[in-house]
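Presented below is the structure to which this report refers.
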Amino acid sequence: MKLSKYIDHTLLKADASLSAIEKLCDEAMEYDFKSVCVNTCNIEFCKKKLQGSDVLVCCVIGFPLGAMSTEAKVFEAKDAVLKGADEVDMVLNIGRLKDNDLDYVTNEIKAIKEAIGDKTLKVIIETCLLTDEEKVNACKCVLAGKADFVKTSTGFSTHGATFEDVALLRKTVGDGCFVKAAGGVRSREDFEKMIELGADRIGTSSGTKLIAKGE
């Protein structure tokens, strides 16, 4: 696979203007990234801007805390797909995971996956807030909920993806789902190491600095 297709070109800042989102889309097409990852208010703009290209529109829901009700997340996910999202990155309920209420976490993932049908679902587990045991439990919930990816981080908490976390997630899920590393991947060395450790996708705002055009 081309290196560019590992990248979800990401802009999730609260102050992101439409001109900045337009630049994100232009860069994604120029570098042939896998997707742009944006907040849901920007889905329709990106869908129109990216028309005719193979760059996907990815969005985040329940972001960045994951503490919304399941019903709210399901509504947001359905709305995102109606507006044109190809992929949905949801934040799981971290508090419920820490309470060891794995049924709650699994059922929420399952409900959102059912709501979006054949669209790709990535589950952000916010590894920086979890023990290794909790990371493993989160992965089990992701697998049981039939999501397509487990994702390390929102990029809005204490730190993003680490090599150790990517290796642990890959080991835990095996071939059961894909792994996305996000947050803090800003150098070519880190980018390549994440892939070597088992990341199938990289969420970053630094994609244009990580690879050369055409890679």
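With this note's numbering applied, the sequence shown has no gaps in its numbers, which climb one by one up to 1393 at the end. C-beta: ideal position from N, C-alpha, C; glycine also.
Residue environment analysis places ASN1278 among the exposed positions, since fewer than 16 neighbouring C-beta atoms fall within 10 angstroms of its C-beta. Judged by DSSP secondary structure, PHE1327 falls within the beta strand (DSSP E) whose first and last residues are 1327 to 1329. Scanning its chain for C-beta atoms nearer than 8 Å, with the 5 sequence neighbours on each side dropped, one finds around VAL1351 the residues CYS1317, VAL1320, LEU1321, VAL1328 and VAL1357, in chain order. Secondary structure at VAL1233: coil, using DSSP grouped into helix, strand and coil. For GLU1265, the pairing in a beta bridge is given by DSSP as CYS1236 and THR1298. A contact between stretches requires three or more CB pairs, one per stretch, nearer than 8 Å, and the stretch 1238 to 1255 fails this requirement with the stretch 1196 to 1208. Closest by C-alpha distance to CYS1306, out of GLY1323, ASN1285 and THR1332, is THR1332. ASN1217 and VAL1238 do touch by the CB rule: their CB atoms are close to 6 Å apart, below 8 Å. GLY1381 and ALA1390 have their C-alpha atoms roughly 17 Å apart. For ASP1257, the enclosing alpha helix (DSSP H) starts and ends at 1248 to 1260. With 16 or more neighbouring CB atoms inside 10 Å of its own CB, MET1372 falls in the buried class. Partner residues in the beta bridge of HIS1187, as assigned by DSSP, are VAL1214 and THR1382.
Contact between VAL1214 and VAL1233 holds, since their C-beta atoms are separated by about 6 Å, short of 8 Å.
Within the same chain, Cβ atoms closer than 7 Å to the Cβ of SER1182 are found at TYR1209, ASP1210, PHE1211, ILE1389 and GLU1393, the five residues on either side in sequence being excluded. The alpha carbon of GLU1286 has as its nearest neighbour, out of LYS1313, ALA1359 and ALA1325, the alpha carbon of ALA1325. Within the model, the alpha-carbon separation for GLU1205 versus VAL1314 is close to 35 Å. Here ILE1290 is near ALA1255, since their CB atoms are less than 8 Å apart.
Taking a contact as a CB-CB distance under 8 Å, the pair VAL1301 and LEU1270 counts as one, their CB atoms being some 5 Å apart. With respect to the C-alpha of LEU1189, the residue from THR1298, PHE1334, THR1340 and GLY1230 having the closest C-alpha is PHE1334. Looking at the backbone, the Cα of ALA1258 and that of ASP1264 are separated by about 9 Å.
Per DSSP, the unbroken alpha helix (DSSP H) holding LYS1313 starts and ends at 1310 to 1322. SER1384 and ALA1192 have their C-alpha atoms spaced approximately 18 Å apart.
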